[in-house]
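Enquirer:
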Amino acid sequence: MKALVYYGPFDVRVSEMPDAEIEQPTDVLVKITTTNICGSDLHMYEGRTNMESGKILGHENMGKVVEVGKSVTQIKVGDMVCLPFNIGCGHCKNCESGYTGYCLTLNPGFAGAAYGFAGMGPYSGGQAEYLRVPFGDFNCLKLPEDAEEKENDYVMLSDIFPTGYHATELANVQPGDSVVIYGAGPVGLMAAHSADIKGAGMIMVVDDKPDRLKLAEELGAIPVDFSKSPALDQILELTKGLGADKGCECVGYQCCDKHGVEHSNIIMNELVQAVKATGSIGVVGVYVPEDPKSKDELQKKGHMDFDFGQFWMKGQRIATGQANVKSYNRQLCTLISIGKAHPSSIISHEISLEEAPDAYKRFDKRENGYTKVILKPEMSGPSKT
Ligand SMILES: NC(=O)c1ccc[n+]([C@@H]2O[C@H](COP(=O)([O-])OP(=O)(O)OC[C@H]3O[C@@H](n4cnc5c(N)ncnc54)[C@H](O)[C@@H]3O)[C@@H](O)[C@H]2O)c1
Ligand SMILES: [Zn+2]
Ligand SMILES: [Zn+2]
Numbered sequence: 525m526k527a528l529v530y531y532g533p534f535d536v537r538v539s540e541m542p543d544a545e546i547e548q549p550t551d552v553l554v555k556i557t558t559t560n561i562c563g564s565d566l567h568m569y570e571g572r573t574n575m576e577s578g579k580i581l582g583h584e585n586m587g588k589v590v591e592v593g594k595s596v597t598q599i600k601v602g603d604m605v606c607l608p609f610n611i612g613c614g615h616c617k618n619c620e621s622g623y624t625g626y627c628l629t630l631n632p633g634f635a636g637a638a639y640g641f642a643g644m645g646p647y648s649g650g651q652a653e654y655l656r657v658p659f660g661d662f663n664c665l666k667l668p669e670d671a672e673e674k675e676n677d678y679v680m681l682s683d684i685f686p687t688g689y690h691a692t693e694l695a696n697v698q699p700g701d702s703v704v705i706y707g708a709g710p711v712g713l714m715a716a717h718s719a720d721i722k723g724a725g726m727i728m729v730v731d732d733k734p735d736r737l738k739l740a741e742e743l744g745a746i747p748v749d750f751s752k753s754p755a756l757d758q759i760l761e762l763t764k765g766l767g768a769d770k771g772c773e774c775v776g777y778q779c780c781d782k783h784g785v786e787h788s789n790i791i792m793n794e795l796v797q798a799v800k801a802t803g804s805i806g807v808v809g810v811y812v813p814e815d816p817k818s819k820d821e822l823q824k825k826g827h828m829d830f831d832f833g834q835f836w837m838k839g840q841r842i843a844t845g846q847a848n849v850k851s852y853n854r855q856l857c858t859l860i861s862i863g864k865a866h867p868s869s870i871i872s873h874e875i876s877l878e879e880a881p882d883a884y885k886r887f888d889k890r891e892n893g894y895t896k897v898i899l900k901p902e903m904s905g906p907s908k909t
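Going by the working numbering, the letters in the sequence shown line up with residues 525 to 909, in that order.
1) In the DSSP output, what is TYR706 paired with across the bridge?
2) Answer yes or no: the CB of CYS780 versus the heavy atoms of ligand 1, is any distance below 8 Å?
3) Go through its chain and collect everything with a Cβ distance to GLY636's Cβ below 7 Å, but skip five positions before and after it.
4) Mind pulling the beta strand (DSSP E) runs of 3 or more residues that sit fully within the region 662-728?
5) For chain D, find out if any of its Cβ atoms is closer than 9 Å to the Cβ of ILE611; answer yes or no.
6) For VAL730 and ILE759, what's the separation of their Cα atoms in angstroms?
7) So, are the CB atoms of ILE871 and VAL897 less than 9 Å apart?
8) Count the CB pairs spanning the region 823-833 and the region 709-728 that are closer than 8 Å, and state whether there are at least three.
9) Can you tell me where the beta strand (DSSP E) holding ILE611 begins and where it ends?
10) Considering PHE592, what are the terminal residues of the alpha helix (DSSP H) in which it resides?
11) Please report the straight-line C-alpha distance between GLY688 and GLY571, rounded to a whole angstrom.
12) Using CA atoms only, rank isn't needed, just tell me which of GLY612, GLY649, ARG736 is closest to PRO632.
13) Would PHE659 be called buried (16 or more neighbouring beta carbons within 10 Å of its own) or exposed?
14) Comparing the CB of LEU717 with every heavy atom of ligand 1, is any distance shorter than 8 Å?
15) Could you check if GLN598 is buried or exposed, using at least 16 other CB atoms within 10 Å of its CB as the buried criterion?
16) Quick check: does the Cβ of THR624 come within less than 8 Å of any heavy atom belonging to ligand 3?
17) Do LEU795 and VAL704 have their CB atoms nearer than 9 Å?
What follows is the structure in structure tokens.
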């Protein structure tokens, strides 16, 4: 089958790879109809993770079931399914508690498994024609009858919509709250959409990319462009000097200052100032335990110069981590189905698998207009029927 393979920093190519197939009786085999490029893929693309060469990328996947293992009872051939990016076994202590992003059995020695991800187990990604889904009954979300009609919305249930929602859950966003969201990438935009759905009173989205800020505005948020004046000044002015009730971090360790220079601590320290005393901060942007390629000595070890004194004095809370997609995907699916959520509004490009290497390059540069790229492997002429 054709697949998008990581060969090294800034080097991804479409290659012929062995077909994905059923390996365990609990597996499901999915023919991928849509698979997205994610900001998380860029950390790997830039060589800022320990991603091994030769691995198929892609963790935001949906498609049609073409084969099921003999122990699969719920999912049937022909079902349209969306796959959470994190893979759970369904029976460990964490999966049973809803923490499917931290499964204890599928990636021994580490809590958490995912498709096509550095350090998240041996699972191939779905930027390919076919994907093997372990524990298919547990991990497939069977989509409603309008699955094909609303495919570009439903595919967002694999990651960014639940992840944006998770940011608002970690920050405990309540109706009427003012919320500041750092990052107008796909995840930040989905956090804004989620905060709006939850009835937030005011939503501010910080970034310096005008095209992305425009999308934030279309989703009901106030754009805060930090290239024009410091974000903190704008947020304090909008909140009458108090700071926002809640804050969301949707950028991660490669966050930059206005000159485009990385400082991993810049947003976390700014959030402490931008959020009111006793406010909560949800961090879904990825931070890593080691980052040897960073130019910053602390960041190389996964540390940061964090203003803990100010944080403590303000009595704030921080919650972090991977989204447990399965905790939200079914409910968010209903919101799409009834027309109350429309995550596809942020899609900028719908292209074939062959065009993916070029899209990686452009999305990585945050080129104007490259917000969310979705790939349609069927456009490239499948090699297997
Ligand atoms: N926790 C999870 O489960 C989970 C899931 C998916 C993605 N993520 C992570 O979420 C983060 C965002 O993902 P994405 O797809 O939206 O990525 P993205 O890279 O497309 O977007 C990040 C945005 O942050 C902006 N930015 C950079 N520095 C900034 C600053 N100082 N202030 C404000 N904005 C700034 C960039 O201009 C960009 O628009 C990544 O770290 C990704 O790995 C986490
Ligand atoms: Zn993703
Ligand atoms: Zn588990």
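Where is the CB? At the ideal position from N, CA and C, for every residue including glycine.
Expert: Let me lay it out:
1) VAL730, GLU773
2) yes
3) ASN610, GLY625, TYR626, CYS627, MET644, GLN846
4) Counting only runs of 3 or more residues that sit fully inside the region 662-728, the beta strand (DSSP E) segments are 702-706, in chain order.
5) Of the protein chains in this structure there is only one, and it is not chain D.
6) 9 Å
7) Their beta carbons are under 9 Å apart, which means ILE871 touches VAL897 by this criterion.
8) Short answer: they don't touch.
9) Neither: ILE611 is in no beta strand (DSSP E) and is coded neither H nor E.
10) Here residue 592 turns out to be Val, not Phe, going by the sequence shown. That residue, VAL592, is in no alpha helix (DSSP H); its beta strand (DSSP E) goes 584-592.
11) 25 Å
12) GLY612
13) PHE659 counts as buried, since no fewer than 16 other beta carbons sit within 10 angstroms of its beta carbon.
14) Inspection of the sequence shows that residue 717 is occupied by His rather than by Leu. No, the beta carbon of HIS717 sits no closer than 8 Å to any heavy atom of ligand 1.
15) In summary, GLN598 is exposed, with fewer than 16 beta-carbon neighbours lying within 10 Å of its beta-carbon over all protein chains present.
16) yes
17) yes
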